[in-house]
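>
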Amino acid sequence: MLLLQQIVNGLMLGGVYVMVAVAFTLTIGMLNFLNFTIPALFMLAAMFFWATLGGGFGSGFTNLLNHWVPQSMHWVVAAGLALLVAILASLLIERFTYRYMKTRFGDATEHAIPLVSSLGFLIMFEHLVIMTWGTDPLSVNSPFGTATIKVGGLLFGVPQLLSLVFSIAIVWVLHIMLMHTKTGRALRSIAENPDTALMLGVDVQRIVPLVYVVTGGLCAIAGILFAINYRTVGPYIGDQVATVAIAGMVLGGLGNIWGAIVGGLIVGLLEVLSTYWFGADIVKVPVWGLLLLVLIVRPSGLFGHATIGKGKF
Amino acid sequence: MSGYLSAQLSILCLNIIIAYAIFLPAASGQLNLGAGGFAIIGGYLGGWLNSDFDGLGLAMQLSIPLAALATAAIAFLLSFPILRTRGVYMVLATFAFAEVVAGIVLNLEVVGGAAGFPVDGHADLSVLAPICVMVVVSCFLLMSTRFGLAMRSVHDDENVASLFGVNVHWVRVAAFTLGGLLGGLYGALYGHQYNYIEVQNWNVMFSIYVLLYVLLGGTQSPFGPLLGALFFTVVPELLRSFGAAVGSELIADGRFAIFGALIVLMMAFRPEGIVTRTMLERLMGRGAREKGAT
Numbered sequence: 000m001l002l003l004q005q006i007v008n009g010l011m012l013g014g015v016y017v018m019v020a021v022a023f024t025l026t027i028g029m030l031n032f033l034n035f036t037i038p039a040l041f042m043l044a045a046m047f048f049w050a051t052l053g054g055g056f057g058s059g060f061t062n063l064l065n066h067w068v069p070q071s072m073h074w075v076v077a078a079g080l081a082l083l084v085a086i087l088a089s090l091l092i093e094r095f096t097y098r099y100m101k102t103r104f105g106d107a108t109e110h111a112i113p114l115v116s117s118l119g120f121l122i123m124f125e126h127l128v129i130m131t132w133g134t135d136p137l138s139v140n141s142p143f144g145t146a147t148i149k150v151g152g153l154l155f156g157v158p159q160l161l162s163l164v165f166s167i168a169i170v171w172v173l174h175i176m177l178m179h180t181k182t183g184r185a186l187r188s189i190a191e192n193p194d195t196a197l198m199l200g201v202d203v204q205r206i207v208p209l210v211y212v213v214t215g216g217l218c219a220i221a222g223i224l225f226a227i228n229y230r231t232v233g234p235y236i237g238d239q240v241a242t243v244a245i246a247g248m249v250l251g252g253l254g255n256i257w258g259a260i261v262g263g264l265i266v267g268l269l270e271v272l273s274t275y276w277f278g279a280d281i282v283k284v285p286v287w288g289l290l291l292l293v294l295i296v297r298p299s300g301l302f303g304h305a306t307i308g309k310g311k312f
Numbered sequence: 000m001s002g003y004l005s006a007q008l009s010i011l012c013l014n015i016i017i018a019y020a021i022f023l024p025a026a027s028g029q030l031n032l033g034a035g036g037f038a039i040i041g042g043y044l045g046g047w048l049n050s051d052f053d054g055l056g057l058a059m060q061l062s063i064p065l066a067a068l069a070t071a072a073i074a075f076l077l078s079f080p081i082l083r084t085r086g087v088y089m090v091l092a093t094f095a096f097a098e099v100v101a102g103i104v105l106n107l108e109v110v111g112g113a114a115g116f117p118v119d120g121h122a123d124l125s126v127l128a129p130i131c132v133m134v135v136v137s138c139f140l141l142m143s144t145r146f147g148l149a150m151r152s153v154h155d156d157e158n159v160a161s162l163f164g165v166n167v168h169w170v171r172v173a174a175f176t177l178g179g180l181l182g183g184l185y186g187a188l189y190g191h192q193y194n195y196i197e198v199q200n201w202n203v204m205f206s207i208y209v210l211l212y213v214l215l216g217g218t219q220s221p222f223g224p225l226l227g228a229l230f231f232t233v234v235p236e237l238l239r240s241f242g243a244a245v246g247s248e249l250i251a252d253g254r255f256a257i258f259g260a261l262i263v264l265m266m267a268f269r270p271e272g273i274v275t276r277t278m279l280e281r282l283m284g285r286g287a288r289e290k291g292a293t
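As given, the protein sequences belong to chains A and B, one line each in that order.
Quick note: numbering that gives the first Met the number 0 has the first sequence finishing at residue 312, numbered continuously throughout.
Quick note: numbering that gives the first Met the number 0 has the second sequence finishing at residue 293, numbered continuously throughout.
1) Using a Cβ cut-off of 9 Å, pull out every chain B residue sitting near A:I27, in sequence order please.
2) Which residues in chain A have a C-beta closer than 7 Å to the C-beta of B:A160? List them in chain order.
3) Relative to the C-alpha of B:A69, which residue among B:V209, B:I39, B:M283 and B:A58 is closest?
4) Examine chain B for any beta-carbon lying closer than 8 Å to the beta-carbon of A:A111, and answer yes or no.
5) With distances taken from CA atoms, which of B:L215, B:C131 and B:G54 is nearest B:R269?
6) Measuring only between beta-carbons, confirm whether B:A173 sits less than 8 Å from chain A.
7) So, is the C-beta of A:K283 closer than 8 Å to a C-beta in chain B?
8) Go through its chain and collect everything with a Cβ distance to A:V286's Cβ below 8 Å, but skip five positions before and after it.
9) Chain B partners of A:H126, CB-CB under 7 Å?
10) List the endpoints of the continuous alpha helix (DSSP H) containing B:I273.
11) Does the segment 267-281 of chain B come within contact of the segment 222-234 of chain B, defined as at least 3 CB pairs closer than 8 Å?
12) Do the segment 162-170 of chain A and the segment 75-93 of chain A touch if we need at least three Cβ pairs shorter than 8 Å?
13) Using beta carbons (cut-off 8 Å, strictly below), is B:M142 in contact with chain A?
14) Would you say B:P221 faces chain A, with C-beta separation under 8 Å as the test?
15) Between the Cα of B:D123 and the Cα atoms of B:G178, B:G190, B:F79 and B:A243, which residue gives the shortest distance?
16) State the Cα-Cα distance for the pair B:G227 and A:I129, rounded to the nearest angstrom.
17) Identify the continuous beta strand (DSSP E) that holds A:I148 and give its terminal residues.
18) Tell me whether A:V232 sits in a helix, a strand or coil according to DSSP, three-state version.
19) For the segment 72-100 of chain B, which residues have a CB atom closer than 7 Å to at least one CB atom of chain A, in sequence order?
20) Using only alpha-carbon positions, find the residue among A:E125, A:M46 and A:L253 that is nearest to A:V139.
21) Any Cβ of chain A within less than 8 Å of the Cβ of B:N200?
22) Taking all protein chains shown into account, do 16 or more other C-beta atoms lie within 10 angstroms of the C-beta of A:W276, making it buried, or fewer, making it exposed?
23) Nearest chain B C-beta to A:M123 closer than 8 Å, yes or no?
24) Using a C-beta to C-beta distance shorter than 8 Å, which residues of chain A count as neighbours of B:L148?
25) Using a cut-off of 9 Å between C-beta atoms, extract the partners of A:T242 located in chain B.
26) Taking the alpha helix (DSSP H) that A:L153 falls in, what are its first and last residues?
27) What residues from chain A crowd round B:L211, counting only those whose CB sits closer than 9 Å?
28) Which residues bound the alpha helix (DSSP H) around B:G41?
29) Could you please give me the residues that DSSP links to B:I196 through a beta bridge?
30) Between A:F302 and the rest of its own chain, which residues show a CB-CB distance below 7 Å, the 5 nearest in sequence each way excluded?
31) For B:E98, count neighbouring C-beta atoms within 10 Å of its own C-beta (all shown protein chains included) and say buried if the count is 16 or more, exposed if not.
32) Is the Cβ of A:L272 closer than 8 Å to any Cβ of chain B?
33) Between A:L269 and chain B, is there a C-beta pair that is closer than 8 Å?
34) Would DSSP call A:A107 helix, strand or coil?
35) I'd like the span of the alpha helix (DSSP H) that includes A:W67, first residue to last.
36) What are the partner residues of A:S138, as DSSP defines its beta bridges?
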């Protein structure tokens, strides 16, 4: 029973990773770009969610909120604000990453340009948050309390369950969109070859921001669910979650959205089970050891295509 | 020399060494996000070899080179599986390697685990500065040899390089191994400079920063990492003292945010890095001469 509960916990933890892993895999699959701003977007959303509920914007904002919005609906405002901020930040990032990747400089390092810019954004957003709210972990006034349900002696966390259901639903919608709509076909053609897509009349500059909007939205939802679920946020939560999510993405295969779901769940399960069997200190070794092994033995992951990410740096 | 200045210069020396450790693979076209892994191996090996109480109690003159050589050996063995990966997979593989090393060392009780490890022998600036100069000079010499040329050609185009008879695989292995040597050297020197090491010093952000030193400096010439490390060490300090001078807490506290914005702008306006070959040629007047000759 205890083991069964651990497996449930692992799948629940995986639910948070899944969302971030899907965000990673989407940018790398469509644009061949390892987006290191994802941890920052995740963290920004969680921090804004906390700040709206916990008075992080000062008393003026709190008064305004109390005046206009009933207490029970505060979390909706918080979630909306978090979503908005993450999407706007993601669009800003698009200007400085993808657009410049398109510009050819005749040098082999061209694919490193968006990578470096995204690292710059990561540093910038993290320190802007540290400047405003400090580095201490902050506790979130969750409107849902501990929020667990008990089924047959097993505890399920509602936010994690939601996250899992949400990510599967979002990926399902994405899948349908990619396969059956005009925009989806345009996106797939960009994934295959942006230059050819442009020649065949795909408006690349208009469609690419869509990927960034989806990325920002996914990160924001994951960040909000993380804040509700663990009820502690801080400027470094993004790094911790995103590094494990990267492992999940690689495991599932770069660019494969269904793979990211399976990979995220496996990584969450692995983390919880190795904590259960070997203790919390050792947890990095199995997760990253597995990732290293997968990269060396089967770089395309469980379900990936061999062609993605082969671009030279 | 004031204590502040010598402390800053020590940091600068260390940063320059680790920047060259990542530059050498980068100059042959491999992005290595595993600087933290090499630093941990070098730092802990150096500390353990030197420590009287827990380790072998070797003199510092032995422990530092031994640690560097051992790290190079590990890098050599590791290069075969890691170099099978390309592009973004290589970034992820080196990154995973650093995390595995950190995870293992955190659980090694013999070096103190998560509590950190005290190092006995002290290496001050008078040790660091000459070693740093040696590293820089030898990297410049290396890049001007036939091997350096081979590295550059592999960076620019692997297929053409191998057509012209360059053994691409061995060039990449050698560059990775030399990077490991310098990474281990950095770790060991760091341990002996601060006399205390812990895994947290060399986390993901450390590896990211080192890769940024190199990419911002430019991978085309050995001036790149030198300038990159200088930029990364001096600019935040300058911003801090500038903020203190004008009494603006915003600049002092937000210097890393400004710094992040600088990185983004830098990539927008000069993505090849600060130093490029064309720029050097112009500075040395070589470009003009070649044009005149033809």
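Every residue gets a Cβ at the ideal spot worked out from N, C-alpha and C, and that includes glycine.
Quantities reported herein were computed from a predicted structural model and do not represent experimental measurements.
Reading from the atomic positions:
1) Per Cβ cutoff of 9 Å: V87.
2) Ordered by position in chain A, no residue passes the 7 Å Cβ test against B:A160, which lies about 11 Å from the chain.
3) B:I39
4) Chain B contact via Cβ: present.
5) Ranking the options by Cα distance to B:R269, first place goes to B:L215.
6) no
7) yes
8) V243, A246, V266, L269, E270 and S273
9) G253, F255, A256 and G259
10) Per DSSP, B:I273 belongs to no alpha helix (DSSP H) and is neither H nor E.
11) Verdict: yes, contact present.
12) no
13) So, not an interface residue.
14) No, B:P221 lies away from the interface with chain A (no Cβ there is under 8 Å from its Cβ).
15) B:G190
16) 25 Å
17) T147 to V150
18) strand
19) Taking a C-beta cut-off of 7 Å against chain A, the contacting residues of the segment 72-100 of chain B are P80, R83, T84, R85, G86, V87, Y88, V90, L91, A92, A95, F96, E98 and V99, listed in chain order.
20) Distance check between A:V139 and each of A:E125, A:M46 and A:L253 places A:M46 closest, using alpha-carbon atoms only.
21) At a cut-off of 8 Å between beta carbons, B:N200 makes no contact with chain A.
22) exposed
23) yes
24) By Cβ distance, chain A contributes nothing, its closest Cβ being about 16 Å from B:L148, past 8 Å.
25) F94, E98 and V203
26) From DSSP, A:L153 is part of no alpha helix (DSSP H) but of the beta strand (DSSP E) over L153 to G156.
27) V115, L118, G119 and I122
28) First-last of the alpha helix (DSSP H) with B:G41: A34 to N49.
29) B:F116
30) G251, G252, N255, W257 and G258
31) B:E98 is buried by the Cβ-count criterion.
32) no
33) With a threshold of 8 Å between beta carbons, A:L269 makes no contact with chain B.
34) A caution first: A:A107 carries a pLDDT of 38, below 50, which makes its placement in the model too unreliable to give a value.
35) S58 to W67
36) According to DSSP, A:S138 bridges with A:T231.
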